[in-house]
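Enquirer: Got a structure here, written out as structure tokens. Questions coming.
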DNA sequence: GGAGCGTATGTTATACTATAACACGCGTCA
DNA sequence: TGACGCGTGTTATAGTATAACATACGCTCC
């Protein structure tokens, strides 16, 4: 379960090296000459990584990031702050948020599978840089 | 600002009549013979409706719903509970959530534009119906 | 009135995102 | 050895979204 195929390892490494979320086709373009040549290959790798909690999908961008948390802490629903200026993404870990998600999940759903929480805006760094 | 074009009104009416989120292409198919014939027309209408707070986009489904709140209350970030079984979507209005979103927005971003909050799972009704 | 402008609309084409369907090779284990 | 699972690969196609350009109508300002 925790052992990844070489393919998956390459995708993970690429995500970890990136400072921005990558779309599946970004990944495909960069790994073409490493043996990953078609979309399904990429999507399968991403699916696997997400199952293991090593990567997350950003629904509002249709893009993917490596998980920034310590491997143990996979209680977290993927929660993110996204800077639309520079593209940087920061993973949010917040007990109050987690609690709220659980509470609302229990209230509105009998069984909860997935939570999406994404904030978009301009990060502190980019506000400084603004011309 | 609050007056919609006939086109936009048709799209809104369709969304309001639907009991499930509709994709842009669902809308296109149903409104073909009402004068909306191409994707950009649909997307422009949706964009307008979302600007006015009359419709929301569900990022995790790439689909759209009419806003279920009373027109006044547009302080809410669109927050939703989605049943993957029956497709029903319920808009969540929760003070604690709103507060948490604001708090985290202020912490991680200098300026926040958009918040996405979507929970997926099985709704209470569907758990009952389960074979 | 008509020139200039903005807004809404329409059309074609294309880009981007995701998955279906099927084929192959390889290890394992009964 | 052969049935199976699993990872992988390929082709084709479905589904989502936007660019770029064209047209038309209703303004206002002179």
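Residue numbers (this note's numbering), protein chains in the order written: chain A, 3 to 133; chain B, 3 to 133.
Yeah, the Cβ is synthetic: ideal placement off N, Cα and C, and Gly gets one too.
1) Rounded to whole angstroms, what is the Cα-Cα separation between residue 116 of chain B and residue 32 of chain A?
2) Where does the unbroken alpha helix (DSSP H) through residue 49 of chain B begin, and where does it stop?
3) For a quick check, are the C-beta atoms of residue 47 of chain A and residue 13 of chain A less than 7 Å apart?
4) Report the partner residues of residue 147 of chain B according to the DSSP bridge assignment.
5) How is residue 56 of chain A classed by DSSP in three states: helix, strand or coil?
6) Inspect the CB distances between the stretch 45–65 of chain B and the stretch 6–23 of chain B and report whether three or more fall short of 8 Å.
7) Helix or strand or just coil, what does DSSP make of residue 106 of chain A?
8) Interface residues of chain B around residue 52 of chain A at Cβ under 8 Å?
9) Just checking my contact of residue 119 of chain A with residue 81 of chain A at CB under 8 Å: how many whole Å lie between their CB atoms?
10) From what residue to what residue does the beta strand (DSSP E) around residue 92 of chain A run?
11) Tell me whether residue 19 of chain B sits in a helix, a strand or coil according to DSSP, three-state version.
12) Since residue 102 of chain A and residue 111 of chain B should fall inside the 8 Å C-beta cutoff, what is the C-beta to C-beta distance between them, to a whole number of angstroms?
13) By alpha-carbon positions, which one of A:53, A:108 and A:27 ends up nearest to residue 64 of chain A?
14) Looking at residue 121 of chain B and residue 114 of chain A, is the spacing between their C-beta atoms short of 7 Å?
15) Just the C-alpha distance for residue 6 of chain A and residue 54 of chain B, rounded to the nearest angstrom, thanks.
16) With a threshold of 7 Å between beta-carbons, can residue 123 of chain A be considered close to chain B, or not?
17) Round the Cβ separation of residue 85 of chain A and residue 128 of chain A to the nearest angstrom and send it over; I've been treating them as touching at under 8 Å.
18) Answer yes or no: does any C-beta atom of chain B fall closer than 7 Å to that of residue 111 of chain A?
Expert: On the basis of the supplied data:
1) One C-alpha to the other measures close to 30 Å.
2) 41–53
3) yes
4) Missing from the structure shown is residue 147 of chain B; chain B here goes from 3 to 133 and no further.
5) coil
6) Between the stretch 45–65 of chain B and the stretch 6–23 of chain B, the count of Cβ pairs shorter than 8 Å is three or higher; the stretches touch.
7) helix
8) Going along chain B, no residue has its Cβ under 8 Å from residue 52 of chain A, so there is no contact; the nearest lies around 13 Å.
9) 4 Å
10) Run containing residue 92 of chain A: 91–93, per the beta strand (DSSP E) assignment.
11) Residue 19 of chain B carries a helical assignment under DSSP once its states are collapsed to helix, strand and coil.
12) Between residue 111 of chain B and residue 102 of chain A the Cβ distance is about 18 Å, and since that is not below 8 Å, they are no contact.
13) Ranking A:53, A:108 and A:27 by Cα distance to residue 64 of chain A puts A:27 first.
14) yes
15) 47 Å
16) Contact of residue 123 of chain A with chain B is assigned, a C-beta pair being separated by under 7 Å.
17) 6 Å
18) yes
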